[in-house]
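First residue of the sequence shown? That's -6 in my numbering, and the numbers climb one at a time after it.
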Amino acid sequence: MKLGAERKKVAFLVVLTGAAAYLLYSNVFSSAPGSGSSGSPRPTAARPANSDARPQQAAAPAPTTSAASGQKAASRRTSQEFRPPWKRKTAIETSSIDPKLRLDLLAKVQAVELGPAERNLFQFGVAAAPALPKEPPPIIPKTPDDIRREQEEAAKAAAPPPPPPIPLKYYGYTAQRVDGHKRAFFLDGDDIFVAAEGDMVKRRYKIVRIGVNSAVVEDTQLNNTQTLPLAEESAG
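In structure tokens form, the structure reads like this:
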């Protein structure tokens, strides 16, 4: 009885030792560099007999872990290669900033003319087309009458203004029987003047000729001669 029990113990120890050796080999030696990620070797597909005559078309897919590691390496390389366009090394000193307003630059901005088309930033849609230039009015040829009328108007505009009228009023004349000279009566406001031909009235107006219905008087300062009609007395 004791001999049978000893044999069972020996057999149990042998089995236990073999299992421990198998586990040790699977966990230690199979995870060494150069081996696969799993403990058991990866099975390979058996090549057909006519593999030399027909080339192999399907390739084995790449492992998922290598693709993920490649993406991480690419993203890490991209982040390392990023370079900002400009970066100030030192801070801006406020004492070096000129607070004065550049009026010359402001005048240049104000002198810029905007185009005919305006666009509202808060309104979506197609921009309005620029306004087309207006056509000039048709040229109408001038007639000879129009040309003559324009010339007369231009001559009137270029001519000097007419002299002022002589302020004297003619009220007739009397003739003396002795010498036959005529003496005319002139009125300027409330002043009455009696003058013959060739006399001066108010040191300015010369009596040129005395007639029955009119008298010719010359303004010596303006060198202007006017005919004064006979003034009619108002009734009453």
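Beta carbons: idealized from backbone N, C-alpha and C, even for Gly.
Contact set for Ala189: own chain, Cβ-Cβ below 8 Å, skip 5 residues either direction: One-based indexing of the sequence shown puts residue 189 at position 196. These residues qualify, in order along the chain: His174, Lys175, Arg176, Ala177, Ile200 and Ile203.
Sequence-distant residues of its chain with Cβ nearer than 8 Å to Lys162 (five each side left out): The count along the sequence shown starts at 1 and reaches residue 162 at position 169. These residues qualify, in order along the chain: Phe179, Leu180, Asp181, Leu221 and Ala224.
Same chain only: Cβ atoms within 8 Å of Thr218, ignoring 5 sequence neighbours per side: Walking along the sequence shown from the start, residue 218 turns up at place 225. A distance below 8 Å between beta-carbons, with the five flanking residues on each side excluded, links Thr218 to the following residues of its chain, in chain order: Val201, Val209, Val210, Glu211 and Asp212.
Start-to-end residues for the beta strand (DSSP E) that takes in Ile200: To locate residue 200, count along the sequence shown from 1; it is residue 207. Residue range Tyr198 to Ile203 is occupied by the beta strand (DSSP E) that includes Ile200.
Local Cβ density within 10 Å of Gly29, reported as buried at 16 or more and exposed below that: Here residue 29 corresponds to residue number 36 of the sequence shown, with the count starting at 1. Residue confidence is low: Gly29 scores 46 on pLDDT, short of 50, so the model does not pin down where it sits. Its coordinate-derived value is still stated next. By the 10 Å Cβ count, Gly29 comes out exposed.
Rounded straight-line distance, which links the Cα of Val21 to that of Phe5: Counting from 1 along the sequence shown, the entry for residue 5 is found at position 12. Counting from 1 along the sequence shown, the entry for residue 21 is found at position 28. Their backbone Cα atoms lie some 24 Å apart in a straight line.
Status (buried if at least 16 other CB within 10 Å, exposed otherwise) for Ile261: Past the boundaries of the shown model lies residue 261; the chain is included only from -6 to 229, so the question cannot be answered.
Ile159 (DSSP reduced to helix, strand or coil): For this step, residue 159 is matched to residue 166 along the sequence shown. Three-state result, Ile159: coil.
Backbone CA spacing between Asp97 and Asp139 [nearest angstrom]: For the purposes of this step, residue 97 is taken as the residue at position 104 of the sequence shown. For the purposes of this step, residue 139 is taken as the residue at position 146 of the sequence shown. It is roughly 53 Å from the alpha-carbon of Asp97 to the alpha-carbon of Asp139.
Where Ala46 falls, given that 16 or more other Cβ within 10 Å makes a residue buried: Position 53 of the sequence shown holds residue 46. With a pLDDT of 42 at Ala46, under the threshold of 50, the predicted position of this residue should be treated as unreliable, though the coordinate-derived value follows. Result: exposed.
Residues near Ser207 by beta carbon distance below 8 Å, same chain, minus five either side: As a position in the sequence shown, residue 207 is number 214, starting the count at 1. Hits under 8 Å: Tyr163, Thr220, Leu221, Pro222 and Leu223.
Supposed close pair Arg197, Gln214 - CB separation, criterion 8 Å: As a working note, residue 197 is residue 204 in the sequence shown. As a working note, residue 214 is residue 221 in the sequence shown. With 8 Å as the limit, Arg197 and Gln214 qualify as a contact, their Cβ atoms being about 6 Å apart.
Ala157 versus Thr136 - alpha carbon distance: If you number the sequence shown from 1, residue 157 lands on position 164. If you number the sequence shown from 1, residue 136 lands on position 143. Note that residue 157 is Pro in the sequence shown, not Ala. Here the C-alpha atom of Pro157 lies approximately 37 Å from the C-alpha atom of Thr136.
Spatial distance of Tyr166 from Glu226 (CA atoms): For this step, residue 166 is matched to residue 173 along the sequence shown. For this step, residue 226 is matched to residue 233 along the sequence shown. Their backbone Cα atoms lie some 15 Å apart in a straight line.
Counterpart residues of Phe186 in DSSP-defined beta bridges: Position 193 of the sequence shown, counting from 1, holds the residue named residue 186. Note: Phe186 sits in a beta bridge opposite Phe179.
Residue span of the beta strand (DSSP E) that contains Leu221, given as start and end: One-based indexing of the sequence shown puts residue 221 at position 228. The continuous beta strand (DSSP E) containing Leu221 extends over residues Asn217 to Pro222.
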